[in-house]
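*Asks:* I'd like to ask some things about the structure below.
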Amino acid sequence: MLSQLIMLCGFFGLVLVLVYSINRAVLLFDQLIADGQSAGVFVEFTALTLPSVIRLALPLAAFAAAIYVTNRMTNDSELVVVQATGYSLFRIARPVLYFGLIVALLMSLLMHFLVPRSAAQLALRQTEIARNVTARLLTPGTFTEPIAGVTFYIRDLSPDGELFDLFLSDTRGIEDQVTYTASRAFLVREAQETQLVMIDGMVQTLRLADQRLFTTRFAEFSYNVGGLLAPVTQAGRRASHLSTWELLHPTPALVAETGSSAARMIADGHDRFSQSLLGMVAALIGFATLMVGSYSRFGVWRQIVAAIALIVVVKALETAGLNAARADAQLWFLTYLPGAGGLVIVWCLLFWASRPYLFKRRPSAGVPA
Numbered sequence: 019m020l021s022q023l024i025m026l027c028g029f030f031g032l033v034l035v036l037v038y039s040i041n042r043a044v045l046l047f048d049q050l051i052a053d054g055q056s057a058g059v060f061v062e063f064t065a066l067t068l069p070s071v072i073r074l075a076l077p078l079a080a081f082a083a084a085i086y087v088t089n090r091m092t093n094d095s096e097l098v099v100v101q102a103t104g105y106s107l108f109r110i111a112r113p114v115l116y117f118g119l120i121v122a123l124l125m126s127l128l129m130h131f132l133v134p135r136s137a138a139q140l141a142l143r144q145t146e147i148a149r150n151v152t153a154r155l156l157t158p159g160t161f162t163e164p165i166a167g168v169t170f171y172i173r174d175l176s177p178d179g180e181l182f183d184l185f186l187s188d189t190r191g192i193e194d195q196v197t198y199t200a201s202r203a204f205l206v207r208e209a210q211e212t213q214l215v216m217i218d219g220m221v222q223t224l225r226l227a228d229q230r231l232f233t234t235r236f237a238e239f240s241y242n243v244g245g246l247l248a249p250v251t252q253a254g255r256r257a258s259h260l261s262t263w264e265l266l267h268p269t270p271a272l273v274a275e276t277g278s279s280a281a282r283m284i285a286d287g288h289d290r291f292s293q294s295l296l297g298m299v300a301a302l303i304g305f306a307t308l309m310v311g312s313y314s315r316f317g318v319w320r321q322i323v324a325a326i327a328l329i330v331v332v333k334a335l336e337t338a339g340l341n342a343a344r345a346d347a348q349l350w351f352l353t354y355l356p357g358a359g360g361l362v363i364v365w366c367l368l369f370w371a372s373r374p375y376l377f378k379r380r381p382s383a384g385v386p387a
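The sequence shown begins at 19 in the working numbering and counts up one residue at a time.
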């Protein structure tokens, strides 16, 4: 049973990760490739988002695997045979518990190490991309406006970095407006400045006072494009980038850096432990719910719907407990409300399934059973 749970959890997890990754990859593709970034940057950003995607998919995969395996073993009468040998439902649930502990360990690795580090690295790379003037300007076939009053366009870009059919319009001047056109151009980095070297082009200057146009042809002209973009400063770390130890012990410096409150940071730190338990709780709820009720030729769709409803209840407890803990640092223990509530639900379901006669309607006096 444990081997089947692990195998199917891997299958469902792979499917869910692919679905989430494709959705995020479309957004990243529009954001990066359309802005002139290479395919390598796209692959790097996709890899950095994978830990967050796996964190979302793993509890769902554990729940789906528990539902599928329990339903199949029930239909094949395997669980019925095991119960007939004298095993209680609490004993049969032991493989599901072991499976949940494995999922909890994987979730702990994600929540405490992989997700914070990948999120911090992703934020760092996004800042570096934002500072890259070339990437934000070199979008072939598209008119871009890096700052108000400046329009930039190139028809094509060669693999060597040569620009073809350049157009640059600068309407920021109060007295005149300038338009540059060139058949070829290059971007040259000099010290802290980026120069746009245009070849074989023309400068058109429109004097606004009398609407007179002056043209100047040139063989080579240099234009400083470093000022086209506002300087990008790297902001401080977010609370999601900090380690669990830093979240549980917030200092005034960390509070000022993240812009968050101490209560919110403590709650988020404990929430990482709580999130690690949700995979185990989801698997146990899926198993225990399918054990409730007798055989029906219509299948177990009612139990499956009930299991999904119970997962919604656990998520509601998670939201309520986390919001309360974020409001008051003394209520940090409420972040464990979904885990504790989920385990209580599992115990009640297994107790009910082990003693179904307790909830059956007894016949009235004088009426044959």
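Glycine included, C-beta positions come from ideal geometry on N, C-alpha and C.
Three Cβ pairs or more, each shorter than 8 Å: is that satisfied between the segment 219-238 and the segment 198-208?
*Replies:* Touching, yes.
*Asks:* Residues bridged to A203 by DSSP?
*Replies:* L181 and M216
*Asks:* For the pair the segment 317-328 and the segment 117-133, tell me if three or more CB-CB distances fall below 8 Å.
*Replies:* no
*Asks:* Would you mind working out which of E336, L68 and I85 sits nearest I303, comparing C-alpha positions?
*Replies:* I85
*Asks:* Let me make sure I understand the geometry here. Which of Q229, A227, T223 and N242 has the alpha-carbon closest to that of R235?
*Replies:* T223
*Asks:* In angstroms with no decimal places, state the Cα-to-Cα distance between Q348 and A137.
*Replies:* Per the coordinates, the alpha-carbon of Q348 lies some 28 Å from the alpha-carbon of A137.
*Asks:* On a CA-only basis, which of Q139, L355 and A301 is nearest S292? Give me that one, please.
*Replies:* L355
*Asks:* How would you call M298, buried or exposed, if buried means at least 16 neighbouring beta carbons within 10 angstroms?
*Replies:* buried
*Asks:* So, are the CB atoms of I172 and D188 less than 8 Å apart?
*Replies:* no
*Asks:* In angstroms with no decimal places, state the Cα-to-Cα distance between S106 and A43.
*Replies:* 47 Å
*Asks:* Kindly indicate which residue of L335, M19 and P268 has the alpha-carbon position closest to the one of P113.
*Replies:* Out of L335, M19 and P268, M19 has the C-alpha closest to the C-alpha of P113.
*Asks:* For F369, which residues from the same chain have a beta carbon less than 8 Å from its beta carbon, with the 5 sequence-adjacent residues on both sides left out?
*Replies:* Taken in chain order, the list of residues that qualify is empty.
*Asks:* Assign P134 to one of two classes, buried (16 or more other C-beta atoms within 10 Å of its C-beta) or exposed (fewer than that).
*Replies:* The residue in question, P134, is buried, as its Cβ has 16 or more Cβ neighbours within 10 Å.
*Asks:* Would you list the one or two residues that DSSP bridges to T197?
*Replies:* DSSP lists S187 and Q222 as partners of T197.
*Asks:* Look up E238 in the DSSP assignment and give the residues it is bridged to.
*Replies:* I217
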